[in-house]
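Under our numbering, the first residue of the sequence shown carries the number 11, and numbering increases by one thereafter.
First comes the structure, then the notes that go with it.
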Amino acid sequence: HQRQPASGGGGGGGGTGVAHRPGGHKYDHGVKYVRVEVASGGGSSVLENCGPCGRGARSLWLLLVYLAKFNVVPLLALNFFFRFAFAAYKSNFPYLCEEALDFGPKEVGFAVSAMGVGGMFVQG
Numbered sequence: 011h012q013r014q015p016a017s018g019g020g021g022g023g024g025g026t027g028v029a030h031r032p033g034g035h036k037y038d039h040g041v042k043y044v045r046v047e048v049a050s051g052g053g054s055s056v057l058e059n060c061g062p063c064g065r066g067a068r069s070l071w072l073l074l075v076y077l078a079k080f081n082v083v084p085l086l087a088l089n090f091f092f093r094f095a096f097a098a099y100k101s102n103f104p105y106l107c108e109e110a111l112d113f114g115p116k117e118v119g120f121a122v123s124a125m126g127v128g129g130m131f132v133q134g
C-alpha cells in the first residue's frame, strides 16, 4: 500500500505523516489508529436516565465490556492492585521504621534515599 496525503489539515505542505488508507483507517508514522465505538444499538438504559453520572457509569461499563473481549481487564485489575499496594507501602513505611527500628525523621529519610539509590542500580 502506498501512503496518501491526509485531507484537510490547513494546507501549507508541512505534512504531519498522517495518511488514510482504504477502509478508513488512519496511519501516523506507521501506527494504525482505529476508532472504538462503545455505544450500544439503540434503546434507553436506566443509567442514561440518571444524568451525567449515569451516562458516565454506562460509558465506563461499555468500555470494560469492550476491553473484556481482548482479555485486558485482568491486567488492568492487577495494575490497580499493584499500585494500591505500593501506595500503602510507601505511606506506612515511616510508621514501621519508627515503631520497629526506633527511627526518627532523619533516619527514615536516609532509609528511603538508600532504597532509591539501590533501585537505581537494580534498574540500570
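Note that the Cβ used here is the ideal one computed from N, Cα and C, for glycine as well.
Computed from a predicted model, the values in this text were never measured in an experiment.
Cutting at 8 Å between CB atoms, please list the residues of its own chain near Gly114, excluding the five before and the five after it. As a first step, residue 114 must be located in the sequence shown, where it is residue number 104. Counting only Cβ-Cβ distances below 8 Å, and skipping sequence neighbours, we find Glu108.
Going by DSSP, what residues sit across from Tyr43 in a beta bridge? As a first step, residue 43 must be located in the sequence shown, where it is residue number 33. By DSSP's assignment, Tyr43 forms a beta bridge with Lys36.
From the DSSP output, in three-state form, read off Val122 for me. On the sequence shown, position 112 is the one that residue 122 refers to. If DSSP states are grouped into helix, strand and coil, Val122 belongs with the helices.
Measure the C-alpha to C-alpha separation of Gly66 and Val83 and round it to an integer number of angstroms. As a working mapping, residue 66 is identified with position 56 in the sequence shown. As a working mapping, residue 83 is identified with position 73 in the sequence shown. The alpha-carbon atoms of Gly66 and Val83 are separated by roughly 18 Å.
Alpha carbon to alpha carbon, what distance is there between Ser69 and Ala110? By 1-based counting over the sequence shown, the position of residue 110 is 100. By 1-based counting over the sequence shown, the position of residue 69 is 59. Going from the Cα of Ala110 to the Cα of Ser69 covers about 47 Å.
Between which two residues does the alpha helix (DSSP H) holding Phe80 run? By one-based count along the sequence shown, residue 80 stands at place 70. First-last for Phe80: undefined, no H or E at that position.
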